[in-house]
Every structure is written in structure tokens, then in C-alpha cells.
């Protein structure tokens, strides 16, 4: 069993009839979308969804899920998404999949953000994984310079397969900040980043996770809630 | 004489041979672009420019100015732009023209940001003019709701002539926050706005003006520098 699949199926069990559901992006979220759609079909649940990327929306539609219009959605009951790192304070780095901006917009309007991971994503501190920062294409080279001057770490533009800067679903670009160790000033880092004009969002998520589900290779899962230590 | 034109011509006199020049957006900036181009033609100045909107870039090219590529520009020597309000601390509200994001990106890499206004734009405090906030289209209705909950003021989406939400040169949208009086907590307002995912930038410019030129109806101008009171 894939640990992410086992945990995604557990996460999908929290979706109930009548709910508005946020759909994450990435390989883990894809398992969750498939699992939610299977429940909708087998149990006749009536739910509506908003996806955090074109890719997830396409997968959801293909599996028969109903995509809602934003002007009819005020809150999400549940959102299921993955993460690249989760620390003991339930802070996360997200954005390896490039959808962090939409993921954060949805997470910040969600009552129960369920984060599905395998055990390797639980870290004593964040920062071994590069921190993605979404930037405006106009003048992005100068935004990169200012981030470099601010943090002194290596910064690489996220590239598409053709070697050009990747353009996100929102027409923006991503710079990966390689801290290579614990993030500096993690409590104020997001605000500091956003003082630079051209910075739109960053992949540091704080206070946006209400539930963690960890999948294991044997198909079992563990569930954790903010305040719980990660113990098995 | 149009006061903005007189002041724009004075501003253009600060452009020197060899400079990298930022071009603002709006009616005032258009006068400045025309005046800079006239000097380039008559005096043979060699300068290169980056414009803060497609409209300004088009006007600049039409007038024979050379548009630089961002990867060859590290700083701007001079940028000339307009403003909707300027207060005695040289803070500004900009963005009536919808280009505030690019204007702020350029201003924040500029050594001498020259702001050209007529006398009516000098205000004891900012906020009678609506504060524009640039937002990501994805979920903008929820971003608006969160701004409303935060400030309790009327918020209107900037619209194009067809009544649809205006899409900026960066593919983003603008919400106008109608405080109708002095901005609340002006020193922390920008950081507070940017805590909301989906907020990209705001039209409050702090510490980004190095020189104000005020034009008068009789064609005269007054020049002011941060620290100077606005007296005639």
C-alpha cells in the first residue's frame, strides 16, 4: 500500500453530505480527490468542491465531482492537501507542486484543513526543503536580488520542462529559497518576505493546519491535532 | 499651462545622459514621458527606460525611447510618476491608474523617485482617496470579505468599461477600499493587509518618494524633499 493513499482515504472519510470541500494539489491530493469521488459515487454524497489548481480541477471533474463557483462559497468545511514538511508546531512548508498560493487562499478559508503526509515529512524544524516564494513576473530578477540580499541563501527560479521560468495557474513565478536548514525567524518570516514589492506569497503555512494524517507502509494511519506530539 | 505638464517638464530636467529611468503611469507620467523623449531628441541623451504599464511602454516607444530588459537593469537612477495623495511625511496613495504594483516594484529599486502632482494632491493625511489593493483573481470574493471584516469599510472591485472586474497588466484585480478619512494605523497598514492570502500589494507608498514637484496653474513649480514642509 502507498502510505499517502492509505492516509488520503482516511482523510476522505471526513467529508460529509452537504459539505463544501477544498481540493489540494499534488500526488497526495490526487489520491484524496479519487477517494472523495469514490465516496460520492458509492454513498450518493452531495458535495461541491473548489480545486487549488487546474490539474486538480480537471482530475475532480473527470471523476464526477461538482466544481463550485467562488461567489457562492463563503467557507470550506474540509480541505485535504499534502505538505512538504510539517513541524511539531504544525507549521508547514508547501509548494513543491507549485500551487501554494491557491492552497493558502483556500486553507485560510477552511474550517478543517487536513494535511496528508507520510512519516518522512514530519520534521523537528522546517527549512531542509526549499521555501517557495511566489513572485510577480515583472522585475522578478530584482525581487530575487532583494531576497538574496535579505537572506544570503541560494535562490533558484522554478523552471518549466523547457527551461523557461515556470508560469503558475495565476500567471506568476516561483523562486525557491534554499535555506538548507532551520528557517530564520520563522514567526516573522512571512511578514518580512512580504515587505518586498513583487512578493505575492510564500510556502510557509502557519496556523493553517487543523488535522494531520500520517500514512505508513503497512497501510495503517495515525491522526494528530495541533498540540499533539507526533508519536507512534 | 497644465500644472502637471509644467511640473513634469521640471522633473524631466533631472534625467541625465547614461541614466536608467523608470516611467510611471497615468496622465502626469504621460507628460513626463513626452518631456523626457523631447530632451533625448534635442540633446542626444543616451538613456534606457522601463515602464510601469503597457500603456506607458507604448507611449515611450512611440516617442523613440529605448526600453531596457529587466535582466540588464539593477537600479533606476530616476523614476518620474504621479500620485493621488501625498501627506506631510511623504507617504502616498497611488493606484488610481491601476498600475500601483509595477509602480511600487520600480519605486523600490529607484534612487530618486520624483513624484509630480498639482497642489490638490497634497493632503494633511491620506485616505480621502480610496486605497487600491491588488488581489489574485482566484477567490477574490473571499479576499474582499476578509478585508471587509478587517476594516469595516466599503470595498468596490475596480471595473473595466464592460462592467467586468478590471484585469491589470499582471493579470490581477484591484479592490478599492473606501476609508473616507484618515487611513487607520498607517504605519502598519501595509503589513496588516498583506497578512491576507490573495493580497498582492496596496497603493500605500511609504519611504518611496525622494522628491516632490508641485505644478501650479501659472506654470511655476515648487520642489520639496522629505523633511521639507509643503509651503508656498
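Protein chains in written order, with our numbering: chain F, 1 to 232; chain G, 1001 to 1232. Think of the CB as a built atom: it goes at the ideal place given N, C-alpha and C, for glycine as much as any other residue.
Review point. For the region 182-195 of chain F, which residues have a CB atom closer than 9 angstroms to at least one CB atom of chain G, in sequence order?
Key: 190, 191, 194, 195
Exercise for review: Pick helix, strand or coil for residue 106 (chain F), following the three-state DSSP scheme.
Suggested key: helix
Exercise for review: Select from F:37, F:107, F:39 the residue whose C-alpha is nearest the C-alpha of residue 209 (chain F).
Suggested key: F:107
Practice item. Quick one: grab the DSSP three-state call for residue 157 (chain F). Key: strand
**Study point:** Where residue 223 (chain F) falls: helix, strand or coil (DSSP)
**Key:** strand
Review point. If the cut is a Cβ gap below 8 angstroms, which residues of chain G does residue 126 (chain F) touch?
Key: Neighbours of residue 126 (chain F) on chain G: none; closest Cβ ~18 angstroms, over 8 angstroms.
Exercise for review: Please classify residue 224 (chain F): is it buried, with 16 or more other beta-carbons within 10 angstroms of its beta-carbon, or exposed?
Suggested key: buried
Check your understanding: In the structure shown, what three-state DSSP assignment does residue 36 (chain F) receive?
Key -> helix
Exercise for review: Could you check which residue in G:1069, G:1204, G:1027, G:1100 has the C-alpha nearest to that of residue 1173 (chain G)?
Suggested key: G:1100
Review point. So who's on the other strand from residue 1130 (chain G), going by DSSP bridges?
Key: Its beta-bridge partners do not exist; DSSP assigns none.
Review point. In chain G, what lies closer than 9 angstroms to residue 170 (chain F) by C-beta?
Key: 1136, 1137, 1138, 1171, 1172
**Study point:** Whole-angstrom distance between residue 117 (chain F) and residue 211 (chain F), CA atom to CA atom
**Key:** 11 angstroms
Practice item. Leaving aside the five residues before and after residue 1166 (chain G) along the sequence, list all residues of the same chain whose C-beta is less than 7 angstroms from its C-beta, in chain order. Key: 1098, 1158, 1159, 1160, 1173, 1174
Review point. CA-CA distance, residue 1049 (chain G) and residue 155 (chain F)?
Key: 27 angstroms
**Study point:** Any 3 or more C-beta pairs closer than 8 angstroms across the region 215-224 of chain F and the region 1065-1081 of chain G
**Key:** no
Practice item. Using 10 angstroms around the beta-carbon of residue 41 (chain F), count the other beta-carbons present and answer buried if the total reaches 16, otherwise exposed. Key: exposed
Check your understanding: Taking the Cβ atom as the reference point for each residue, do residue 1080 (chain G) and residue 1024 (chain G) lie within a distance shorter than 7 angstroms?
Key -> yes
Review point. Can you list, in chain order, the residues of its chain whose CB lies under 7 angstroms from that of residue 29 (chain F), leaving out five sequence neighbours each side?
Key: 23, 56, 80, 81, 82
Review point. How would you write the range of the alpha helix (DSSP H) that residue 190 (chain F) sits in, first residue to last?
Key: 189-193
Check your understanding: the region 1093-1105 of chain G: which residues have C-beta closer than 8 angstroms to a C-beta of chain F, in chain order?
Key -> 1101, 1102, 1104, 1105
Practice item. Spatial neighbours of residue 26 (chain F) within its chain, please: CB distance less than 8 angstroms, with the 5 preceding and 5 following residues excluded, ordered by chain position. Key: 81, 82, 96, 97, 99
**Study point:** Whole runs of the alpha helix (DSSP H) within the region 1001-1027 of chain G, excluding any shorter than 4 residues
**Key:** 1003-1012
Review point. Is the shortest distance between the beta-carbon of residue 1197 (chain G) and the beta-carbons of chain F less than 7 angstroms?
Key: yes
Review point. Can you name, in chain order, every residue of its own chain whose Cβ lies under 7 angstroms from the Cβ of residue 94 (chain F), other than the five neighbours on each side?
Key: 83, 84, 100, 103, 203, 205
Review point. Applying a beta-carbon distance threshold of less than 8 angstroms, which residues of chain G neighbour residue 200 (chain F)?
Key: 1136, 1200
Check your understanding: Do residue 35 (chain F) and residue 9 (chain F) have their C-beta atoms closer together than 7 angstroms?
Key -> yes
Exercise for review: Just the chain G side, please: which residues come within less than 8 angstroms of residue 142 (chain F) by C-beta, in chain order?
Suggested key: 1070, 1073, 1074, 1105, 1109
**Study point:** For residue 204 (chain F), three-class secondary structure by DSSP
**Key:** strand
Practice item. Leaving aside the five residues before and after residue 1199 (chain G) along the sequence, list all residues of the same chain whose C-beta is less than 7 angstroms from its C-beta, in chain order. Key: 1133, 1135, 1143, 1193
Point to revise | Whether residue 127 (chain F) touches residue 183 (chain F) by CB criterion (7 angstroms) | key: yes
**Study point:** Coarse secondary structure for residue 1178 (chain G), derived from DSSP in three states
**Key:** strand
Point to revise | Inter-residue Cα distance where the pair is residue 1124 (chain G) and residue 1176 (chain G) | key: 21 angstroms
Review point. Would you call the CB atoms of residue 1215 (chain G) and residue 1006 (chain G) closer than 7 angstroms?
Key: yes
Review point. Which same chain residues, not among the five before or five after residue 4 (chain F), have their C-beta less than 8 angstroms away from its C-beta?
Key: 27, 28, 31, 82, 116, 117, 118, 215
Review point. With DSSP run on the structure shown, which of helix, strand or coil describes residue 216 (chain F)?
Key: coil
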